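Read the structure below first, then the notes.
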Amino acid sequence: MNAVRTFIFIPPVKQATGGVAVLCALAAHLHAEGFPVRLVLREQGWRPQGLAENVPLLAWQELDLKPDDIWLTPEGWANALLPGLSAGARCLVYCQNQAYLFSSLPAGVDWRKLPVRMLAVSQPVAWHIGQTLGLDCPVLRPGIDLTVFHPSTAKPSGALRIACMPRKNKAVLDRVREVFSARTAGRLNVEWLPIAGLDACGVAEALRSAHLFLATGFPEGLGLPPLEAMACGCLPVGFAGFGGFDYMRQAADFPGAYTPWFPLREVDWGGNGLWCADGDVLAAALALETAAHWWLADDPRLHAALESGQRTAQAYSLDRQREAVTELWTSLGQPT
């Protein structure tokens, strides 16, 4: 049994999705590996849907931190650090979206003057923190369940299906659809598949039935939907949200194809999607058109990108995440 206790703050949200789901998965890994861990719920008598069932819960009012404890909060909830700071606990801020790094800081407060340590969800976010704050921080990537998100043996016949998630910048998504439809003008038989209100199994089933996935999320610390699409055998197209370039690599040279100006880490896969600059509507429509023609022509570049997508997904498995969590928390438990 590992002696260091970890308390993870869960903000008051309706469902344990997105960044909260990553926090819950982190807690589940710690619990499975024998690290004492509690999920701390901000509101009494409240439990968000989808919260990890096997991890002990603690009400905010019952929190009693000690100096050796780890108190982990997400980046957009700076005020939640107060119990940890007051107790002299080891405070960790898990930055899962660079866009919220400064949003909740009270006026006059500087991250660099607080006794906290940053964790980053991706290499681009860690680089962003280094550029803005001059701080080095470890990267703790999320994982996806590859028993849920996996490809089917074959895609359905008929219309080319384009999956999308309207909750991710719906106005931009609508503009991309309009431009794509205007350019193709009925020459391509496509069916749009909006994904909303589904659990993980439902999302995976929808993605397996689609050929393409239009990614419209930005900003993102490490957007999981394009990664889940890759795992399900879709070719993703669209925006990286900045942090997505932890795993996204360009698969085509089309008009508007985007290559990041910031440094990228070395990876074991090649181009796994058709990526354009965040918010570039025309480039996204052109990328969709290119990807659609790849499917219709059974283009070798399609198969190479899909294979790279499978290799990418394998690198973000829950097992990989658990290994990373265990390694990091073991190091945190060492004497300082």
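In terms of the UniProt record's numbering, the sequence shown has 125 at position 125, counting the first letter as 1, and numbering is strictly consecutive.
All C-beta atoms, glycine included, are put in the ideal place defined by N, C-alpha and C.
Computed from a predicted model, the values in this text were never measured in an experiment.
Cβ shell of residue i (< 8 Å), same chain only, five flanking positions each side left out
i, result
"Ala277", "Phe239, Gly256, Tyr258 and Ala283"
"Leu212", "Leu160, Arg161, Ile162, Ala163, Cys234, Leu235, Pro236, Val237, Leu288, Ala291, Ala292 and Trp295"
"Pro156", "Ser209"
"Val176", "Leu214, Thr216, Gly238, Val281, Ala284, Ala285 and Leu288"
"Pro263", "Trp127"
For residue i, the nearest candidate out of the options (CA to CA)
i, options, result
"Arg301", "Thr312, Leu274 and Thr326", "Leu274"
"Cys234", "Ala285, Glu307 and Arg249", "Glu307"
"Leu198", "Leu212, Ala78, Met165 and Gln98", "Met165"
"Asn169", "Glu220, Leu30 and Gly19", "Glu220"
"Asp268", "Tyr100, Thr330 and Gln310", "Gln310"
"Asp174", "Pro151, Ala215 and His31", "Ala215"
"Phe35", "Ala304, Val4 and Asp110", "Val4"
"Gly88", "Val116, Thr73 and Pro74", "Val116"
"Asp253", "Leu222, Gly271 and Gln131", "Gly271"
"Thr132", "Val121, Val22, Phe102 and Val109", "Phe102"
"Gln321", "Ser122, Val55 and Cys137", "Ser122"
"Pro151", "Asn97, Arg167 and Val203", "Val203"
"Ala27", "Val13, Glu43, Glu53 and Arg42", "Glu53"
"Gly333", "Cys201, Val20 and Asp68", "Asp68"
"Leu318", "Pro142, Gly279 and Leu135", "Pro142"
"Thr153", "Gln61, Glu205 and Asp110", "Glu205"
"Ala304", "Gln250, Arg42 and Ile195", "Gln250"
"Ala196", "Arg187, Leu188, Leu207 and Val190", "Leu207"
Boundaries (first-last residue) of the alpha helix (DSSP H) holding residue i
i, result
"Val267", "Premise fails: Val267 is in no alpha helix (DSSP H) and is neither H nor E."
"Ile129", "Gln123 to Leu133"
"Arg183", "Lys170 to Thr184"
"Leu214", "Per DSSP, Leu214 belongs to no alpha helix (DSSP H); it is in the beta strand (DSSP E), Leu212 to Ala215."
"Pro83", "Leu82 to Ala87"
"Val109", "Run containing Val109: none; DSSP gives neither H nor E here."
"Glu205", "Ala200 to Arg208"
Residue range of the beta strand (DSSP E) that includes residue i
i, result
"Gly19", "Where Gly19 is concerned, there is no enclosing beta strand (DSSP E), although the alpha helix (DSSP H) it sits in stretches over Gly18 to Ala32."
"Gly238", "Leu235 to Phe239"
"Ala277", "Element bounds for Ala277: n/a, residue is neither H nor E."
"Met118", "Val116 to Ala120"
"Leu286", "Premise fails: Leu286 lies in the alpha helix (DSSP H), Val281 to Ala297, not in any beta strand (DSSP E)."
Bridge partners - residue i, DSSP secondary structure assignment
i, result
"Thr73", "Val93"
"Glu191", "Arg161"
"Leu58", "Val40"
"residue 346", "No statement about residue 346 is possible, as the shown extent of the chain runs from 1 to 336 and does not include it."
"Val13", "Looking at the DSSP assignment, Val13 forms no beta bridge with any residue, so it has no partner."
"Glu220", "Phe242"
"Phe7", "Arg38 and Trp71"
"Ala257", "Cys276"
"Gln98", "For Gln98, which the question treats as bridged, DSSP gives no partner whatsoever."
"Val139", "Ala120"
"Gln250", "Gly273"
Residues near residue i in its chain [Cβ-Cβ closer than 6 Å; skip 5 each side]
i, result
"Pro83", "Leu63 and Leu65"
"Glu33", "Thr326"
"Gly223", "Gly217, Gly241 and Gly244"
"Pro335", "Note that Pro335 has pLDDT 47, beneath the 50 cutoff, so the model's placement of it is unreliable and the number below is only indicative. Closer than 6 Å at the Cβ level, and outside the excluded window around Pro335, lies no residue."
Whole-angstrom C-beta distance between residue j and residue i, which should lie under 8 Å
i, j, result
"Leu39", "Ile10", "5 Å"
"Ala210", "Ala163", "4 Å"
"Gly243", "Val125", "5 Å"
"Ala231", "Ile144", "6 Å"
"Tyr316", "Leu227", "6 Å"
"Val172", "Val281", "7 Å"
"Phe7", "Leu58", "7 Å"
"Gln96", "Val22", "6 Å"
"Trp329", "Leu30", "6 Å"
"Ser104", "Trp60", "Actually they do not touch by this definition, with Cβ atoms about 17 Å apart."
"Val148", "Cys91", "In fact, because the Cβ distance is near 33 Å, the residues do not count as touching under 8 Å."
Short CB-CB distance (under 9 Å) between residue i and chain C
i, result
"Gln321", "Within the model displayed, chain C is absent; a lone protein chain is all it includes."
Contacting residues, own chain, Cβ-Cβ under 7 Å from residue i (five flanking each side not counted)
i, result
"Pro260", "Phe245"
"Ala99", "Pro219"
"Ala80", "Phe9 and Thr73"
"Arg183", "Ala285 and Glu289"
"residue 337", "The chain is shown only over 1 to 336; residue 337 falls outside these bounds and no answer can be derived."
"Asp136", "Gly130"
"Ala185", "none"
"Met118", "Val93, Cys95, Ile129, Leu135 and Cys137"
"His187", "At residue 187 the sequence reads Arg, which differs from the His that was named. Excluding positions up to five away in sequence, the list is empty."
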